[in-house]
Amino acid sequence: MDEIQVELLSEELEEIQIKSDCEEAAEEIHIKSDNDEVDDDYSDITLRLLDLSDIDDFMVWITDEKVNKFISWEPYTSKEEALNYIVDFVIPHPWYRAICLKDRPIGTVSVTKNYGNDSCRAEIGYFLGSKYWGKGIMTRVVKMVASTIFVEWPHLERLEALVDVNNPASQRVLEKAGFQREGVLRKYYIHKGKPIDMVMFSLLSTDSPVNYLIYS
Ligand SMILES: CC(C)(COP(=O)(O)OP(=O)(O)OC[C@H]1O[C@@H](n2cnc3c(N)ncnc32)[C@H](O)[C@@H]1OP(=O)(O)O)[C@@H](O)C(=O)NCCC(=O)NCCS
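Following this note's numbering, the numbering of the sequence shown begins with 1 at its first residue and continues without gaps.
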């Protein structure tokens with residue numbers, strides 16, 4: 001091999017090395033972009049009214065099998081059914097909010113009021129698309145609701161939540177948000193045709209977590 005051939009060969013090798021470095025770098029960038037979601041910031045959570053233009057996002061969690069396990073009604077299969085639900089139930093509801101991540105709905109939370117002698121209490125209910133479970137989102141949301149609902153509805157003495165005994169994640173959310181576990185109501189509710197036991201949780205307007213949330 002003469003000197004020129006050696007030089008050409010070493011240039012070729014250098015080119016191959018640069019190419020392989022570039023491919024590795026490209027692969028790394030690809031891996032990073034795949035992981036973007038994992039590293040995402042889940043703290044930008046806001047609550048706002050849900051409207052008909054949110055239908056595509058609404059369909060994501062309303063047809064989510066994991067969420068449906070805890071919904072008492074038959075799951076919606078068509079957009080039309082879901083639109084009717086928004087028009088007939090969500091829009092006229094006294095307190096129904098979309099849970100938004102960076103202003104995009106990913107779930108819902110509602111507070112249902114009572115009337116007459118029962119008006120001192122209201123019930124909170126919530127659903128979150130399964131893709132977002134386990135990131136602290138619902139705990140944050142329940143705290144947000146607790147910090148505003150007693151101000152918005154000054155007559156309210158008690159915010160309560162009824163949870164299936166077989167739904168430990170929801171029970172944990174309420175405990176983390178400062179609710180008190182009051183006890184199990186046996187065969188309290190018909191869920192998908194079967195009577196189930198429910199756990200009763202409550203937060204009073206005078207409980208310390210509420211004062212902490214409102215005044216801190
Ligand atoms: C229940 C639900 C709202 C929880 O929302 P989320 O944003 O995932 O809740 P968070 O991340 O704030 O907290 C979940 C807690 O439950 C815990 N948890 C989850 N699955 C659990 C299980 N199988 N057993 C025990 N604890 C569990 C988590 O570890 C976490 O607690 P930690 O912070 O102490 O570790 C959500 O799973 C959901 O929408 N489920 C379907 C609808 C539903 O059940 N609605 C409530 C009806 S009452």
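Backbone N, C-alpha and C define an ideal beta-carbon position, used for all residues, glycine too. Every value quoted in this text rests on a predicted model; they were computed, and no experiment measured them.
Query	Result
C-alpha gap between V217 and M200, whole angstroms	The shown model of the chain, from 1 to 216, leaves out residue 217, and the question about it has no answer.
Three-state secondary structure (DSSP) of I91	coil
Bounding residues of the beta strand (DSSP E) (the contiguous stretch that carries K192)	Element bounds for K192: n/a, residue is neither H nor E.
Proximity test, I71 beta-carbon vs ligand 1 heavy atom, cut-off 8 angstroms	yes
Own chain, CB closer than 6 angstroms to Y76, minus 5 neighbours either side, in chain order	I62 and A82
Inter-residue CB distance, L47 and V111 (contact presumed, cutoff 8 angstroms)	Not confirmed; about 11 angstroms, so no contact.
Cα-Cα separation between D34 and D64, rounded to whole angstroms	Here D34 scores only 39 on pLDDT, less than 50, and its place in the model should not be relied on; the value that follows carries that caveat. Roughly 23 angstroms between the two C-alpha positions.
Classification of G107 by the beta-carbon crowding that lies within 10 angstroms, buried from 16 upward	buried
Residue(s) in a DSSP beta bridge with E175	Partner(s): none; E175 has no beta bridge.
First and last residue of the uninterrupted beta strand (DSSP E) at F127	R121 to L128
Touching by the beta-carbon criterion (3+ pairs, under 8 angstroms), the region 119-136 and the region 84-91	no
Beta strand (DSSP E) runs contained entirely in the region 142-172, provided each spans 3 or more residues	158-164
Residue closest to I196, alpha-carbon to alpha-carbon, out of S43, S72 and R172	S72
Residues of its chain near V184, where Cβ-Cβ distance is below 6 angstroms and the 5 sequence neighbours each way are ignored	D197 and V199
Secondary structure of I183, DSSP reduced to three states	According to the sequence as given, residue 183 is Gly; it is not Ile. Here G183 sits in strand by DSSP.
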